[in-house]
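No gaps in the numbering here: position 183 of the sequence shown is 183 in the UniProt record's numbering, and each next residue is one more. Idealized CB from N, CA, C, for every residue including glycine. Computed from a predicted model, the values in this text were never measured in an experiment. So the structure is just underneath, and the comments pick up after that.
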Amino acid sequence: MHNVTSPDVAAPLSARRICLAPMLDWTDRHYRFFLRQITRHTFLYTEMVTTGAILHGDKARFLDFSEAEHPVALQLGGSEPADLAACARLAQQWGYDEVNINVGCPSERVQSGAFGACLMEEPQLVADCVKAMRDAVSIPVTVKHRIGINEVEHYEYLRDFVGTVADAGCEVFIAHARNAILKGLSPKENREVPPLKYHYVHRLKRDFPQLEIIINGGLDNWQAVDEQLQHVDGVMIGRMAYHDPYQFAEVDARYYGDEQAVASRAEVARALMPYIAERMAAGRSQPKHIVRHVLGLFQGRPGARNWRRMLSDSKVLNGAGPELIEAALAEVEPVVA
Numbered sequence: 001m002h003n004v005t006s007p008d009v010a011a012p013l014s015a016r017r018i019c020l021a022p023m024l025d026w027t028d029r030h031y032r033f034f035l036r037q038i039t040r041h042t043f044l045y046t047e048m049v050t051t052g053a054i055l056h057g058d059k060a061r062f063l064d065f066s067e068a069e070h071p072v073a074l075q076l077g078g079s080e081p082a083d084l085a086a087c088a089r090l091a092q093q094w095g096y097d098e099v100n101i102n103v104g105c106p107s108e109r110v111q112s113g114a115f116g117a118c119l120m121e122e123p124q125l126v127a128d129c130v131k132a133m134r135d136a137v138s139i140p141v142t143v144k145h146r147i148g149i150n151e152v153e154h155y156e157y158l159r160d161f162v163g164t165v166a167d168a169g170c171e172v173f174i175a176h177a178r179n180a181i182l183k184g185l186s187p188k189e190n191r192e193v194p195p196l197k198y199h200y201v202h203r204l205k206r207d208f209p210q211l212e213i214i215i216n217g218g219l220d221n222w223q224a225v226d227e228q229l230q231h232v233d234g235v236m237i238g239r240m241a242y243h244d245p246y247q248f249a250e251v252d253a254r255y256y257g258d259e260q261a262v263a264s265r266a267e268v269a270r271a272l273m274p275y276i277a278e279r280m281a282a283g284r285s286q287p288k289h290i291v292r293h294v295l296g297l298f299q300g301r302p303g304a305r306n307w308r309r310m311l312s313d314s315k316v317l318n319g320a321g322p323e324l325i326e327a328a329l330a331e332v333e334p335v336v337a
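Next up, the structure:
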């Protein structure tokens, strides 16, 4: 394996070496802007947005993002090739670096719309969707999927799914290394109960060496990530990124060879102040919509409880502006000192 922190890396690194997982209600534009203050290189993914919401709703609400977020991918939920192609076109017009199809979400709300993990049963339809999108745009079209569905446990099912979709021109697959159980488990249980089978994803990379294979599921420390990178091209991380985001201060040097100084936690927090002011001036967001994402910034550090208490107190949040950040830092810093 190449030493990725050395300046003379022999092979180009994937931009998706470390990715932020799309997480509903979590990875909105505010959280992505916040995480970008900690890591310049992590590839960011939006929450899943349905094609119907984009085509029939407030496009700016679903598609707008900050220039600072690049590289950033839009994740779409849908199963109608023409609708996905139309949304991919919009993603490209809006400036996204990639468009991704969700073939992994197990929620019943998603199944009733005939997309998400139930599409694992229809590889040719997914291939048709990929082809329609690729014909519409020049940015990469990628697929996030599970390794199987319900009681289907054999590797060949996964291999054949990826082979069919790859034939339509998809070159990047993000595999959540668990089955999706469509009946009887909640989305939360689907992230925890089905066993992880990392070896299925490793085998996928061996069987399709020409494809870019990203692994997802249960990875919550850098040693585990290092182990996965012996076998695949990249790792996608979800809950660790949200609950303890400052761990990502290691990413740029460790995985991308970028030795620039990392912002301190306080500097990361203060970088949000002009962002909050800008969003308030635009009339689009209140501080409470933004600061709910930064409660974990001081996770495991002195003052963390003060920080969380200050930023989740409705009496403090009501009528607050960007100065709220300084007030919360003032609660942390005496403890640190």
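| Asked | Found |
| --- | --- |
| Distance between R178 and L13 (C-alpha atoms, nearest Å) | 26 angstroms |
| Segment limits, beta strand (DSSP E) that includes F173 | V172 to A180 |
| Where F43 sits in the DSSP three-state scheme | strand |
| C19 at chain B interface by Cβ criterion, 8 angstroms | Here chain B cannot be found, since the structure has a single protein chain. |
| Beta-carbon spacing of T51, P22 below 8 angstroms | no |
| Those residues which DSSP pairs with T50 across a bridge | G77 |
| Residue from N221, Q37, N190 and C129 with nearest C-alpha to L76 | C129 |
| Neighbour-count burial assignment, E326, 16 or more Cβ in a 10 Å radius | exposed |
| Selected residue, minimal CA-CA separation from L295, among K188, W307, R284 and P209 | W307 |
| For A277 and H202, the rounded distance between their alpha carbons | 45 angstroms |
| Counted within 10 angstroms of its Cβ, other Cβ atoms place Q37 as buried (16 or more) or exposed | buried |
| Reference Y198, options K188, H56 and G218, closest by Cα | G218 |
| Cβ-based neighbour list, H293, same chain, cut-off 7 angstroms, excluding 5 preceding and 5 following | H30, Y31 and F34 |
| Best match in D233, I139, K131 and A136 for proximity to A175 [C-alpha to C-alpha] | D233 |
| Cβ pair A73, Y96 closer than 8 angstroms | yes |
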